[in-house]
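A.B. asks: Protein chains in written order, with the numbering used here: chain A, 1 to 311; chain B, 312 to 599.
We put the beta carbon where it would ideally sit given N, CA and C, even for glycine.
Quick caveat: nothing in here was measured; it's all calculated off a predicted structure.
Structure below; questions to follow.
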Amino acid sequence: MPAVLVAVLAVFPIIGIPRAWLLYLFLFFVYLTMANMWNLLAGYTGLTFLGPAALIGLAGYTLVIVTWNDLPFYLGIIGGGAVAAAFAGLIAIPTFRMRGIYFAIGTLVLPEVLRNVFYIWKPIPGDFIGGGAGYIIKGIGGLSLTEFYWLALAIGIVSIFVMRIVLRSKLGLGLAAVRDNDRAAASSGVNVFALKLYAFIIAAFLIGAAGAIFYIYQGSIAPVSAFNIRWLMIALLATVIGGIRTEEGPLVGAAIVVFLHFLLARYGELSLLIQGVILVIIMLLVPEGIVGLVRRKTRNYQSLSQLGARR
Amino acid sequence: METLGDLSRPILMGILLGGLYALIGLGLSMVFGVMKLINVAHGDLMIFSAYFAYALMTTWGIDPILSLTMGIPLWFVLGFAIQKYMMSRAFGISMEAPLIIAFGISLILQSLAQIIWSPYSRGLQAPYALGYISLGITTVPRTYLLSFVAALVVMLLLREFLRRSYLGKAIVAASQDKRGAELVGINTGRVYAFAFAIAMATAAIAGVFFGLTFPFTPTSGFGFLVVAFGVVIIGGLGSMLGTFIGGIVLGLTQTLSGHFLGGSVQMLFVYLIVFVVLAVRPQGIFGR
């Protein structure tokens with residue numbers, strides 16, 4: 001069944017569905033990847049990581065460096081993921097010392113630092129490029145939305161599989177123990193630092209790769225938009241609306257975020273306002289998210305019907 | 312002596328700027344200390360106060376500092392309501408729930424400011440805040456001195472309030488030991504709401520003096536949230552003097568790195584210092 005669905009999704013551009021739909025689905029898969037990985041960190045590992053923009057921006061600039069050196073764009077995607085993962089490994093040493101809320105704020109500072117770095121540092125020197133103006137992405141002239149869509153579809157599916165594999169492995173079990181009580185986990189022989197590091201690096205690679213794919217579609221990158229808090233909002237909204245700590249949550253949440261994005265696009269700033277209101281209301285009224293709510297309702301129903309059957 | 316003469320200006324400016332930063336950090340420190348919540352909307356609430364004063368200034372010509380007679384009570388009530396109707400519920404949900412709700416509030420305030428006042432940069436003006444004032448060795452903008460004095464006054468008032476009044480002592484007690492405070496009959500729910508309200512009142516004051524000193528846009532709040540957080544981290548919790556020193560450290564970092572390496576790197580150094588202090592000593596340098 002999932003294989004059929006993937007096949008249908010893959011042939012969408014060939015059978016000629018409207019461009020707008022392809023674009024929605026492209027964004028859906030990019031956002032899904034980010035939300036899935038954010039869910040892995042915040043929901044399953046207990047790392048309230050507020051700096052996804054740092055990874056996405058770094059991956060985007062890696063793509064710039066790769067394509068400006070006349071290397072193929074797919075190396076930029078892999079390189080973007082790799083640089084993001086390396087960065088995650090690097091900052092894990094100082095940030096894992098920070099606990100709870102300190103980790104959240106420590107990682108929130110990272111995109112701010114990097115944005116200022118990329119204002120000054122020009123990875124590709126030259127006049128009228130780099131700094132605040134940013135770069136265009138080279139070497140993607142022959143590509144169309146169809147190719148971008150396939151890339152996004154691929155990364156989205158990979159992120160779903162990674163979630164499934166990680167959560168069903170020993171790593172997932174260890175992560176759950178770390179999230180619930182890291183001291184107890186450590187005292188029963190779980191290597192807390194290593195497990196967190198693995199999850200962080202896996203998530204960073206996929207977030208970075210998804211970011212690079214987004215910038216291939218966007219065609220240009222600048223510090224203000226790359227190291228922007230908007231990326232965090234997307235990952236956070238999608239995960240929280242769908243249901244944090246549920247595997248299906250990001251699927252539902254990312255679909256709603258894309259839907260809202262386009263439904264509210266013509267209202268401009270009002271769109272952000274409405275997203276903020278939705279975030280607050282969902283968190284206060286349905287903190288377990290839509291998937292969590294549905295699960296609770298059906299579970300209640302099931303247990304009631306079981307009760308009835310037992311009688 | 313020549314270099315020293317050059318340096319007197321950035322050093323003095325840095326210290327004065329530090330006063331403003333400490334004022335911004337004060338409210339964040341209060342909420343953090345009492346409720347263990349990082350109010351990520353703090354910077355936006357502060358900027359919104361600057362916009363409120365801007366609206367009063369442009370429509371009725373009310374002096375920005377005078378407009379605080381309306382701004383402070385309004386922000387006080389707003390803070391009380393946010394804590395009572397949102398945060399108190401969020402604390403019962405999960406650890407990240409209050410953080411996410413504060414994010415939502417931040418987003419709402421930013422887009423509201425953008426809808427009402429457009430994304431263009433605005434500033435507050437007052438006749439007494441224009442130009443420069445001589446402080447013996449060098450001259451500084453009047454607004455810097457004004458903010459510094461305001462920060463000193465607010466901090467002294469808050470310190471006396473926390474030491475002498477019943478409510479102040481209750482806030483300190485609840486921040487030190489919630490259960491203990493409840494056992495001796497303190498209504499911690501109410502105390503939390505008052506603590507949040509007072510923090511918001513200081514944000515209202517900080518916003519007006521910030522608006523007098525720097526131009527602001529709807530998204531200015533976030534950068535100064537990081538600065539305020541840095542002040543709290545360097546200064547540690549529960550120490551008014553520490554907060555003040557934290558502000559001055561960041562103010563000096565900004566003006567001195569700007570002096571030696573140029574204006575484009577000054578914020579980079581401020582953020583880097585915040586990150587390094589967080590990594591090395593998360594409980595703060597002057598913290599308990």
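Based on Cα-Cα distance, which residue from A:Pro2, A:Lys297, A:Arg295, A:Ala7 lies nearest to Trp150 (chain A)?
C.D. replies: Within the first sequence, the letter at position 150 stands for residue 150 (chain A). The candidate whose alpha carbon is nearest that of Trp150 (chain A) is A:Ala7.
A.B. asks: With distances taken between CB atoms, is the gap from Gly558 (chain B) to Ala361 (chain B) smaller than 8 angstroms?
C.D. replies: Numbered from 1 along the second sequence, position 247 holds the residue referred to as residue 558 (chain B). Numbered from 1 along the second sequence, position 50 holds the residue referred to as residue 361 (chain B). Their beta carbons are not under 8 angstroms apart, which means Gly558 (chain B) does not touch Ala361 (chain B) by this criterion.
A.B. asks: Can you tell me where the beta strand (DSSP E) holding Thr450 (chain B) begins and where it ends?
C.D. replies: Taking the first residue of the second sequence as position 1, residue 450 (chain B) is located at position 139. Per DSSP, Thr450 (chain B) belongs to the beta strand (DSSP E) from 450–452.
A.B. asks: Can you determine whether any heavy atom of the ligand ATP sits closer than 7 angstroms to the C-beta of Leu232 (chain A), and answer yes or no?
C.D. replies: In terms of ligand content, the structure shown is empty, and the ligand ATP therefore cannot be addressed.
A.B. asks: Anything in chain A within Cβ reach of Glu407 (chain B), meaning under 7 angstroms, just list it in chain order.
C.D. replies: As a first step, residue 407 (chain B) is located in the second sequence; it is residue number 96 there, counting from the start. Within chain A, the residues near Glu407 (chain B) are Ala42, Thr48.
A.B. asks: Flag Met312 (chain B) as yes if its beta-carbon sits less than 8 angstroms from any beta-carbon of chain A, otherwise no.
C.D. replies: For this step, residue 312 (chain B) is matched to residue 1 along the second sequence. With a pLDDT of 41 at Met312 (chain B), under the threshold of 50, the modelled position of that residue is not reliable, and no figure is offered here.
A.B. asks: Does DSSP put Arg433 (chain B) in a helix, a strand or coil?
C.D. replies: Looking up residue 433 (chain B) in the second sequence gives position 122. Residue state, collapsed to three classes: strand.
A.B. asks: Can you find the residues in the same chain that come closer than 7 angstroms, C-beta to C-beta, to Arg179 (chain A), ignoring five residues on each side of it along the sequence?
C.D. replies: For the purposes of this step, residue 179 (chain A) is identified with residue 179 of the first sequence, where counting begins at 1. These residues qualify, in order along the chain: Tyr44, Thr45, Gly46.
A.B. asks: If you reduce the DSSP assignment to three classes, tell me which class Ile213 (chain A) lands in.
C.D. replies: The sequence position of residue 213 (chain A) within the first sequence is 213, counting from 1. Correct three-state label for Ile213 (chain A): helix.
A.B. asks: Round the Cβ separation of Gly289 (chain A) and Gly242 (chain A) to the nearest angstrom and send it over; I've been treating them as touching at under 8 angstroms.
C.D. replies: Sequence index remark: in the first sequence, residue 289 (chain A) carries index 289 (1-based). Sequence index remark: in the first sequence, residue 242 (chain A) carries index 242 (1-based). About 5 angstroms separates the two Cβ atoms, so the contact holds.
A.B. asks: List the residues of chain A that Val502 (chain B) touches, going by C-beta distances under 7 angstroms, in chain order.
C.D. replies: Position 191 of the second sequence, counted from the start, is the residue given in the question as residue 502 (chain B). Within chain A, no residue comes near Val502 (chain B); the closest Cβ sits about 20 angstroms away, beyond 7 angstroms.
A.B. asks: Name, in chain order, the residues that DSSP records as bridge partners for Tyr135 (chain A).
C.D. replies: Taking the first residue of the first sequence as position 1, residue 135 (chain A) is located at position 135. Partner(s): A:Ile221.
A.B. asks: Using CA atoms only, rank isn't needed, just tell me which of A:Pro52, A:Trp38, A:Arg245 is closest to Arg230 (chain A).
C.D. replies: Locating residue 230 (chain A) in the first sequence gives position 230, where the first residue counts as 1. Comparing Cα-Cα distances from Arg230 (chain A) to each of A:Pro52, A:Trp38, A:Arg245, the minimum goes to A:Pro52.
A.B. asks: Can you round the beta-carbon distance between Leu548 (chain B) and Ser340 (chain B) to whole angstroms, since I take them to be within the 8 angstroms contact cut?
C.D. replies: Position 237 of the second sequence, counted from the first residue, corresponds to residue 548 (chain B). Position 29 of the second sequence, counted from the first residue, corresponds to residue 340 (chain B). About 6 angstroms; that satisfies the 8 angstroms criterion.
A.B. asks: So, helix, strand or coil for Tyr188 (chain A), using DSSP?
C.D. replies: Numbered from its first residue, the first sequence carries residue 188 (chain A) at position 188. Note on residue identity: the sequence assigns Ser, not Tyr, to residue 188 (chain A). Residue state, collapsed to three classes: coil.
A.B. asks: Closest to Gly60 (chain A) by CA distance: which of A:Arg115, A:Val277, A:Phe205, A:Gly80 is it?
C.D. replies: Locating residue 60 (chain A) in the first sequence gives position 60, where the first residue counts as 1. Nearest C-alpha to Gly60 (chain A): A:Gly80.
A.B. asks: For Arg94 (chain A) and chain B, any beta-carbon pair shorter than 8 angstroms?
C.D. replies: Counted from its first residue, the first sequence places residue 94 (chain A) at position 94. Going by the sequence as given, residue 94 (chain A) is Pro instead of Arg. Chain B, which has a Cβ nearer than 8 angstroms to the Cβ of Pro94 (chain A), makes this yes.
A.B. asks: Would DSSP call Met324 (chain B) helix, strand or coil?
C.D. replies: Working through the second sequence from its first residue, we reach residue 324 (chain B) at position 13. Three-state result, Met324 (chain B): helix.
A.B. asks: At a CB-CB cut-off below 9 angstroms, which residues of chain B make contact with Arg179 (chain A)?
C.D. replies: Within the first sequence, the letter at position 179 stands for residue 179 (chain A). The contacting residues do not exist; Arg179 (chain A) stays about 10 angstroms from chain B at best.
A.B. asks: Check distances from the C-beta atoms of the stretch 267–282 of chain A to those of chain B and list, in chain order, the residues that come in under 7 angstroms.
C.D. replies: Listed in sequence order: Glu269, Leu270, Leu272, Leu273, Gln275, Gly276, Val277, Leu279, Val280.
A.B. asks: Residue range of the alpha helix (DSSP H) that Met445 (chain B) falls in?
C.D. replies: Counting from one through the second sequence, the residue named residue 445 (chain B) turns up at place 134. Per the sequence shown, residue 445 (chain B) should be read as Ser rather than Met. Premise fails: Ser445 (chain B) lies in the beta strand (DSSP E), 443–445, not in any alpha helix (DSSP H).
A.B. asks: For Pro430 (chain B), which residues of its own chain have a beta-carbon under 7 angstroms away from its beta-carbon, when the five flanking residues on both sides are left out?
C.D. replies: One-based indexing of the second sequence puts residue 430 (chain B) at position 119. Hits under 7 angstroms: Thr528, Pro529.
A.B. asks: Taking only three categories from DSSP, how would you classify Phe472 (chain B)?
C.D. replies: Counting from one through the second sequence, the residue named residue 472 (chain B) turns up at place 161. Helix.
A.B. asks: Output, in chain order, the set of chain B residues within a Cβ distance shorter than 9 angstroms of Gly326 (chain A).
C.D. replies: Residue 326 (chain A) falls outside the range modelled here, since chain A spans only 1 to 311, and no answer is possible.
A.B. asks: Which chain B residues sit within Cβ distance under 8 angstroms of Ile229 (chain A)?
C.D. replies: Counting from one through the first sequence, the residue named residue 229 (chain A) turns up at place 229. Those within 8 angstroms of Ile229 (chain A) in chain B are Phe533.
A.B. asks: For the stretch 100–117 of chain A, enumerate the residues whose C-beta is nearer than 8 angstroms to any C-beta of chain B, in chain order.
C.D. replies: So the list reads Gly100, Ile101, Tyr102, Ala104, Ile105, Gly106, Leu108, Val109, Leu110, Glu112, Val113, Asn116, Val117, given in the order they occur along the chain.
A.B. asks: Ignore the nearest five residues each way along the sequence and tell me which others in Tyr217 (chain A)'s own chain have a CB closer than 6 angstroms to its CB.
C.D. replies: The residue you call residue 217 (chain A) lines up with position 217 of the first sequence. The answer, listed in chain order, is Phe148.
A.B. asks: Compare the Cα-Cα distances from Val342 (chain B) to each of B:Phe520, B:Gly553, B:Ala508 and report the closest residue.
C.D. replies: For this step, residue 342 (chain B) is matched to residue 31 along the second sequence. Comparing Cα-Cα distances from Val342 (chain B) to each of B:Phe520, B:Gly553, B:Ala508, the minimum goes to B:Ala508.
A.B. asks: Check for me: the alpha helix (DSSP H) holding Gln487 (chain B) runs from which residue to which?
C.D. replies: Position 176 of the second sequence holds residue 487 (chain B). Unbroken alpha helix (DSSP H) run through Gln487 (chain B): 477–487.
A.B. asks: Where does Val587 (chain B) land, buried or exposed, given buried means 16+ other C-beta within 10 angstroms?
C.D. replies: In the second sequence, residue 587 (chain B) corresponds to position 276, counting from 1. So Val587 (chain B) ends up on the exposed side.
A.B. asks: In chain B, what lies closer than 7 angstroms to Lys236 (chain A) by C-beta?
C.D. replies: Taking the first residue of the first sequence as 1, we reach residue 236 (chain A) at position 236. According to the sequence displayed, residue 236 (chain A) carries Leu and not Lys. Chain B residues near Leu236 (chain A): Ile411, Phe414.
A.B. asks: So that I know if they touch, is there some Cβ in chain B lying closer than 8 angstroms to that of Arg299 (chain A)?
C.D. replies: The residue you call residue 299 (chain A) lines up with position 299 of the first sequence. Arg299 (chain A) does not count as touching chain B.
A.B. asks: Alpha helix (DSSP H) containing Met578 (chain B): first to last residue?
C.D. replies: Within the second sequence, residue 578 (chain B) is the residue found at index 267, counting from 1. Run containing Met578 (chain B): 577–591, per the alpha helix (DSSP H) assignment.
A.B. asks: Determine the direct distance from the alpha carbon of Gly76 (chain A) to that of Ala86 (chain A), and round the result to whole angstroms.
C.D. replies: As a working mapping, residue 86 (chain A) is identified with position 86 in the first sequence. As a working mapping, residue 76 (chain A) is identified with position 76 in the first sequence. Going by the C-alpha atoms only, they are around 15 angstroms apart.
A.B. asks: Please report how far the alpha carbon of Ile274 (chain A) lies from the alpha carbon of Gly532 (chain B), in whole angstroms.
C.D. replies: Numbered from 1 along the first sequence, position 274 holds the residue referred to as residue 274 (chain A). Numbered from 1 along the second sequence, position 221 holds the residue referred to as residue 532 (chain B). Looking at the two C-alpha atoms, the distance is approximately 19 angstroms.
A.B. asks: Any beta carbon from chain A within less than 8 angstroms of Ser550 (chain B)'s own beta carbon?
C.D. replies: Taking the first residue of the second sequence as position 1, residue 550 (chain B) is located at position 239. Not one chain A Cβ lies under 8 angstroms of Ser550 (chain B).
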